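Trainee: Sharing a structure, written as structure tokens. Questions coming.
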Amino acid sequence: MRRLLLVSCLAVGALALLSASGAVAVELPVRKAGLWEMKVVSTGSPSSEMTMQQCTDETTDKGMSTAMSPLAKEICSKQDIQKTATGYVTDSVCGVAGITVKSRAEITGDFNSAYTVKSTSQSEGGMAGAARDNSSTIEAKWLGACKADQKPGDIIMPGGMKMNIKDMEKLKALIPKK
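Residue numbers (mature numbering (1 follows the signal peptide of the UniProt record, and there is no 0)): -25 to -1, 1 to 153.
Structure representation (structure tokens):
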């Protein structure tokens, strides 16, 4: 059950990244290099709160959108990012394994010390077939330099599990073709 929850969180995380990373006219700013703590609070999902850390640098942050773009083009029929007076707004429609996710996110902050992402999504399809609404808030803050045993792209999940965002490209092979 715990593994299923982790896989679900990673899948939702991947879709969230995809919604903000496609080839669009407006690009999100690159985060300050170093260690970022991200607290995710969700409603409508099995895991209501999760805190993780990510070590990043300019190349990794830029690379995330480059690596995810081809995947996003395959699974997302809509990806829009608009600059607003207070930050950015993203709208997307993506589908994986018979599940369609429509999402909207409002992003504020300076990407140097802190930023916030407030998102809502509606999903349809899948094994249960029922529509589900979800809302989440990501509060990210810069902690300082990455730790000595970390490299850019490392994500430290709750419980200490470590993975690297650069391995996300490997997930592409697991997503069924339309």
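No residue lacks a Cβ here, since even glycine has one placed at the ideal position from N, Cα and C. Small disclaimer: the values here were computed from a predicted structure and weren't measured.
Closest by CA to Lys7, which one among Lys77, Ser78, Ser88?
Mentor: Ranking the options by Cα distance to Lys7, first place goes to Ser88.
Trainee: Do you know offhand how far Glu114's Cα is from Val15's?
Mentor: In a straight line, the C-alpha of Glu114 is about 7 Å away from that of Val15.
Trainee: I need the DSSP call for Asp66, collapsed to helix, strand or coil.
Mentor: Of the three classes helix, strand and coil, the one that applies to Asp66 here is strand, per DSSP.
Trainee: Given this structure, state the Cα-to-Cα distance separating Met136 from Tyr63, to the nearest angstrom.
Mentor: Going by the C-alpha atoms only, they are around 31 Å apart.
Trainee: Could you please give the first and the last residue of the uninterrupted beta strand (DSSP E) stretch that includes Thr26?
Mentor: 24 to 31 is the extent of the beta strand (DSSP E) around Thr26.
Trainee: Which same chain residues, not among the five before or five after Lys126, have their C-beta less than 8 Å away from its C-beta?
Mentor: Answer for Lys126: Cys30, Asn139, listed in chain order.
Trainee: When the Cα atoms are used, what is the spatial distance from Gly101 to Asp108?
Mentor: Taking the straight line from one Cα to the other gives about 14 Å.
Trainee: My assumption, with CB atoms under 8 Å, is that Lys58 sits in contact with Ser67. Please give the rounded CB distance.
Mentor: Contact flag wrong, Cβ pair sits at about 16 Å.
Trainee: On the DSSP bridge assignment, give the partners of Glu81 in chain order.
Mentor: Glu81 pairs with Val64, Lys93.
Trainee: Select from Thr112, Gly119, Ala123 the residue whose C-alpha is nearest the C-alpha of Ser23.
Mentor: The option with the nearest alpha carbon to Ser23 is Thr112.
Trainee: Give me the DSSP bridge partner(s) of Glu12.
Mentor: Glu12 is bridged to Gln28, Lys116.
Trainee: Are the beta-carbon atoms of Thr91 and Gly84 separated by less than 8 Å?
Mentor: The answer is yes: Cβ separation under 8 Å.
Trainee: Alpha carbon to alpha carbon, what distance is there between Pro133 and Ala47?
Mentor: Cα to Cα, the separation comes out at about 26 Å.
Trainee: Work out the CA separation of Ser96 and Val5 for me, nearest whole Å.
Mentor: Using only the alpha carbons, I get a separation of about 24 Å.
Trainee: Excluding sequence positions up to five away, which residues of its chain have a Cβ less than 6 Å from the Cβ of Thr26?
Mentor: Here the set comprises Lys14.
Trainee: Could you give the first and the last residue of the continuous beta strand (DSSP E) run that contains Asn139?
Mentor: Start and end: 137 to 139.
Trainee: Can you list, in chain order, the residues of its chain whose CB lies under 7 Å from that of Val(-2), leaving out five sequence neighbours each side?
Mentor: Since pLDDT at Val(-2) reaches only 45, below the 50 mark, its modelled position is unreliable, and no value is offered.
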